[in-house]
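Numbering (the working numbering), first residue to last: 7 to 319. First comes the structure, then the notes that go with it.
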């Protein structure tokens, strides 16, 4: 049975590696949405898709249904569970990566650190030693034998692109979901962080069909996440933009391996070279250098101040 069960990372990607799921979670944090009609109206989702995602998120312990009374009727709202609440740094890190690397017509909201009062960006740090900033080059990622075979689990849903995302200042962009919302894309990116460079090495390690691998490597090159060195057998190297995605990758790995149990031998280990300890990611304020907390930050857009990321179940 364990050979068929996905790794912890595979289970996490099944739970959150979906455009609508991430946007539902993001709006729960940013706007404190809890009710079906609010998500439907805010995101422009069809009722059938929203009902399906909410059902899955309840089953996956990301949302908890809570009854409430309105106009004499009992209705249901959905509150973040403890498991979901711990995703807040991942959502902030996605915002930070898009801010740095993805041009968009309408600007992203600004992040405010309440302790110092600054509009700021975030820096990735190592909680084991407290040092920051930490980049992908400061770490070493090691896989155990079964990791890749048990990460590449099939998606639950057909991948979709939200048509109005570029005009929505809160929503993540399609480029992010090219990297996070597809099983092969995510695992190819993980393999790149592990040091794989050649087409044949990706294919041998991942067991991916050549046509699928070719399309993903071509897409990553077009997105500027990988660059291909010229030659009969090109080497694919992470660009600065690709290396910048490391924080998102690290938070996915950390959250997955704390909340899901995979088969023995299926974990990824990330080590911080400077301290020699396990790399446990955290975010600190780029202005004052202090660690960020969920309740100590909020976003502002051009026309409104959003509440702190403080919703709990």
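Glycine included, C-beta positions come from ideal geometry on N, C-alpha and C. Computed from a predicted structure; not experimentally measured.
Report yes if the C-beta of residue i is less than 8 Å from at least one heavy atom of the ligand MN; otherwise report no.
i	result
residue 113	The ligand content of the structure shown is nil, which means the ligand MN is not present either.
With distance defined between alpha-carbon atoms, name the residue in the options nearest to residue i.
i	options	result
residue 305	102, 231, 109	102
residue 127	118, 135, 12, 108	118
residue 14	245, 133, 263	263
residue 257	247, 232, 286	286
residue 220	201, 242, 85, 104	242
residue 230	251, 137, 214, 210	251
residue 330	298, 49, 247	No answer is possible for residue 330: the residues shown for the chain start at 7 and end at 319.
residue 134	282, 238, 125, 207	282
residue 277	136, 78, 146	146
residue 308	211, 114, 28	114
residue 212	259, 245, 225, 149	149
With H, G and I counted as helix, E and B as strand and the rest as coil, what does DSSP make of residue i?
i	result
residue 227	helix
residue 9	Note that residue 9 scores 49 on pLDDT, short of 50, meaning its location in the model is unreliable; the coordinates nonetheless yield the value given after this. Residue state, collapsed to three classes: coil.
residue 383	Lying before the first or after the last residue shown, residue 383 is absent from the chain, which here runs from 7 to 319.
residue 55	helix
residue 302	helix
residue 216	helix
residue 104	helix
By how many angstroms is the C-alpha of residue j removed from the C-alpha of residue i?
i	j	result
residue 296	residue 303	12 Å
residue 8	residue 269	For residue 8, the predicted structure reports a pLDDT of 42, less than 50, and the residue's modelled location is therefore unreliable. The matter cannot be settled from this model.
residue 57	residue 23	18 Å
residue 209	residue 294	44 Å
residue 216	residue 299	43 Å
residue 31	residue 228	29 Å
residue 291	residue 94	15 Å
residue 21	residue 12	12 Å
residue 72	residue 237	59 Å
residue 100	residue 181	11 Å
residue 314	residue 240	47 Å
residue 179	residue 104	8 Å
residue 202	residue 79	57 Å
Pull the bridge partners of residue i from the DSSP assignment, please.
i	result
residue 128	291
If you pair each beta-carbon of the segment 48-64 with each one of the segment 187-206, do three or more pairs fall below 8 Å? Contact between the segment 48-64 and the segment 187-206 is absent, because fewer than three Cβ pairs lie under 8 Å.
Examine the Cβ distances between the segment 63-72 and the segment 80-100 and report whether three or more of them are shorter than 8 Å. Here the segment 63-72 lies against the segment 80-100, with 3 or more beta-carbon pairs under 8 Å apart.
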